[in-house]
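Position 170 of the sequence shown, counted from 1, bears residue number 718 in the numbering used here, the numbering being contiguous throughout.
Worksheet for the structure shown next.
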Amino acid sequence: MISTKVTQAEQERKEILKKYRALLRSCRHKLHKSDKKLIRQAFELALEAHKDMRRKSGEPYIFHPVAVAQIVAEEIGLGTTSIVCALLHDVVEDTEYTLEDITDEFGNTVADITDGLTKISSVFDVTGSIQAENFRKILVTLAKDVRVILIKLADRLHNMRTMDVMPRHKQLKIASETIYLYAPLAHRFGLYEIKSELEDLTMKYTEPKTYKAIAKSLQETKRERTRYINEFIGPIKEVLRKQGFHFDIFGRPKSISSIWNKIKKKGISFDEVYDKFAIRIIIDSPLDDEKANCWKVYSMVTDFYTPNPDRLRDWISTSKINGYEALHCTVMGPKGRWVEVQIRTRRMNEVAERGYAAHWRYKDDSPSDDSALEQWLQKIRDLLENPDSNTFDFIDDFKLNLFYDEIYVFTPKGDLKVLPKNSTALDLAFEIHTDIGLKCLGAKVNHKIAPASQRLNNGDQVEILTSRKQQPNQQWLDQVVTAKARSKIKQALKNQRKKIAQEGKKILNNKFKQLKISFNSANLNQLLEYYQVKTNADLYYNISTGNLDVNDLDKFKKTGDKLNIATTGKPETHDSAIEQEIKKTLLKNSNLLVFGENSNSIDYNLAPCCQPIPGDDAFGFINKVNELEVHKANCPKAIKIISKYGNKIVRTKWTKEHKIAFLTGLRITGLDDVGIMHNITNVIYGELKINIQSITIESKEGVFEGSIILYVDDTAHLEELIKRLKAVNGIKSINRLEEGQMNKLLR
Ligand code: MN
């Protein structure tokens, strides 16, 4: 017995050392002796600290920090300090070692970063939900030292890669956080590879069936694709060689999640997605000639294939905020297919793959401050300064700024300003200066007068018009997309509200005097209770705006200078429209069973946002009014819910028997033929006896497109219907409607 144990321990030791050596080999730059010593020291401390711990998979825990360190070194390309921190990232949180121990052995920088990493992990893991205040903490840490977030991304990536052994509800929770926060962060830092992998891994867990189906289709069509790519790049290769370029050229498959997004967005089938890959050309070029050389390559490509003038992106003249540089164009390839071509130099490629890390990798392992990234971080610091941002709104505002495409506009003097796509003149006004934003009346866009709400386009020249009399109003919030504008407008509205409330307080005070009751908290509290408002300020505000009538007070009973509302009786209350809706849904579905954590049957309602049907991959969420809300696992709203209220998520299972039908929708396209409508309805009504709620068909030039809303029993029922419809002559494609499309039709 003992001997086998020894052998197993021996084997694990060997395995650990093997992984450690692989880590050292993956360091992208030459390690000095002192670097090696530091890494060794961190490894030994981590090994000792985690020695009695195992991962859920049964492996020694140390596998995890070593793997994270390897991602940090190899895939993000960071230096020694970051590798050391990655090795130590779970030590303080999970073992008996303290931050002081780390400081003593590795100094302040390593200790600060490790501390930041510990703080971040506690944001999600203890309560299972993102708390606005904790979210702020992440950003504070991030703004201090970017390496914290980069290592955290590596940590998350490794956890996502090794999530198979986790229970399903944990997988869903971790995946949701990832798509909500970490993938956008990776994007923002220009880590495209990591971002794509995080998105794909998320999909693997939230939509396993679709994920597998697309992966399989990709595999099956690989040969055909390779043949096409070779045909496409053949002539380009030849001419590049003739011109003396050193280069790599290859076709790169797009990620599964991006293909899936396209299918959903355009309502097409896998076969109809043509750009499942992009052609990438990477050239060697001296720094000074980079731009000229890339355009030279562009010119050679378009000698062979006609470019689409609407699809040319020059991110060399002005790089993206996250540092991305390249030339993208779409050209007409063989067989009349559009093909995307990405042209970049070896250096640009490095930046594209490893993000900003590539910039400072050689610079003593610390971020440089002249970068556009630094500007972005400055924006976050600005946001953080807003004392009122301790809310979920803040998270949403921040998210808005994480994941945007940029547009470039010019001031009258010709200064370039970068804004998120869909920004308005009002956004630009706030971008220039808060005071200009608050007084913004409108703008001149390309010398023409335009409202402040006008959306700006790339290349617009914009002059902001202001008025001293102008004041922000509630509608402004719908007219801006930048976090800065939003938070400044909110702040201004809050100040306005304060002033209005002061008026209301005066009015109430006078009324109290008139009725000879004291203006004290006992009396005020009774009013709060009676009108169901939370704070005195809210009470004053509503009085000032006329929402509440102070003359109501006349009817209340009094005892001396005291109000005595309790004896007056409650005001009538009505359920809100939403509450009624929920009750109706609950009633309608009360004969259905969903199993929660403890297998008790309980009432639930189907989330109207995604309309799940039995058989769909789904989960339940206990909402604010303590009801179980069932969402599809891929519902975009659900993702937000899970990441905020992870602890309220319950596993749900569809029961086998259910007697009522579920509403769902299909989008059908095909050739407009006499009799096709008859054939479709015949399948639906006649063969399967399915009830249709509505059909809309549009027909144009011999092609029809239609949406059918109908009731089915479950996914199997739906699949049977789709199968039979596909067999109808003339039908080209059938897809299930996505939530947004369906809600539009139901409205
Ligand atoms: Mn970890």
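Every residue, glycine too, gets a C-beta built ideally from N, C-alpha and C.
Note that the structure is predicted; figures quoted are calculated from it, not measured.
In terms of side-chain proximity, the C-beta atom of V620 is found no nearer than 7 Å to any non-hydrogen atom of the ligand MN. E1246 places its beta carbon less than 8 Å from that of G1254. At least one heavy atom of the ligand MN sits closer than 7 Å to the Cβ of H637. Short note on V713: C-beta not closer than 7 Å to any heavy atom of the ligand MN. In terms of Cβ geometry, K965 and L976 form a close pair [threshold 8 Å].
By the Cβ rule, the segment 798-818 does not count as touching the segment 836-844, because fewer than three pairs are nearer than 8 Å.
Taking a cut-off of 8 Å for Cβ pairs, the segment 1103-1112 and the segment 1064-1084 touch, as three or more such pairs fall below it. Of the heavy atoms belonging to the ligand MN, at least one sits nearer than 7 Å to the Cβ of D703. Here DSSP, grouped into helix, strand and coil, assigns D796 to strand.
In this structure, the alpha-carbon of V694 lies about 27 Å from that of H981. When secondary structure is reduced to three states using DSSP, M848 falls in the helix class.
Non-local C-beta neighbours of H794 in its own chain, meaning closer than 6 Å and more than five positions away in sequence, comprise D832, ordered along the chain.
In this structure, V632 keeps its C-beta atom at 8 Å or more from the C-beta atom of I697.
Taking a 10 Å sphere around the C-beta of G1218, we find 16 or more other C-beta atoms and assign the residue as buried. A distance of 8 Å or more separates the beta carbons of L593 and A617. Under the three-state reduction of DSSP, E1011 is assigned to strand. Residue pairing by DSSP places F825 opposite P801 in a beta bridge. Remark: three or more beta-carbon pairs, one from each stretch, lie closer than 8 Å, so the segment 708-727 and the segment 741-752 are flagged as touching. The segment 601-638 contains, as complete alpha helix (DSSP H) runs of 4+ residues, the segments 611-618, 628-636 (chain order). The closest CA to that of G881, considering only Q1027, Y776, L875, is found on Y776.
In the structure shown, N856 falls within a coil segment according to DSSP collapsed to helix, strand and coil.
Not one heavy atom of the ligand MN lies closer than 7 Å to the C-beta of H598. Proximity to A1275 across L1111, L989, V1251, N1227 peaks at N1227, based on C-alpha coordinates. The continuous stretches of beta strand (DSSP E) do not include M896, which lies in the alpha helix (DSSP H) extending over residues 894-902. A straight line joining the alpha-carbon of G792 with that of T726 spans about 44 Å.
V713 is positioned such that its CB atom lies closer than 8 Å to that of K604. Around the beta carbon of V845, 16 or more other beta carbons sit within 10 angstroms, so the residue counts as buried. The beta-carbon separation of I1048 and T1093, rounded to 7 Å, stays under the 8 Å limit for a contact. The C-beta distance from V620 to I699 rounds to 6 Å, short enough to meet the 8 Å contact threshold. Look at G884 here: in three-state DSSP terms it is helix.
Shown here, T1212 sits in a strand according to DSSP, grouped into three states. Look at the beta carbons and you see the segment 652-666 not touching the segment 763-783: under three pairs across the two are nearer than 8 Å. Ranked by Cα distance from S803, the first of G782, K562, A763, K1110 is A763. Taking a contact as a CB-CB distance under 8 Å, the pair L974 and A1000 counts as one, their CB atoms being some 4 Å apart.
For F1067, the secondary structure class from DSSP, reduced to helix, strand or coil, is coil.
By the Cβ neighbour-count rule, F798 is exposed, with fewer than 16 other Cβ atoms within 10 Å of its own.
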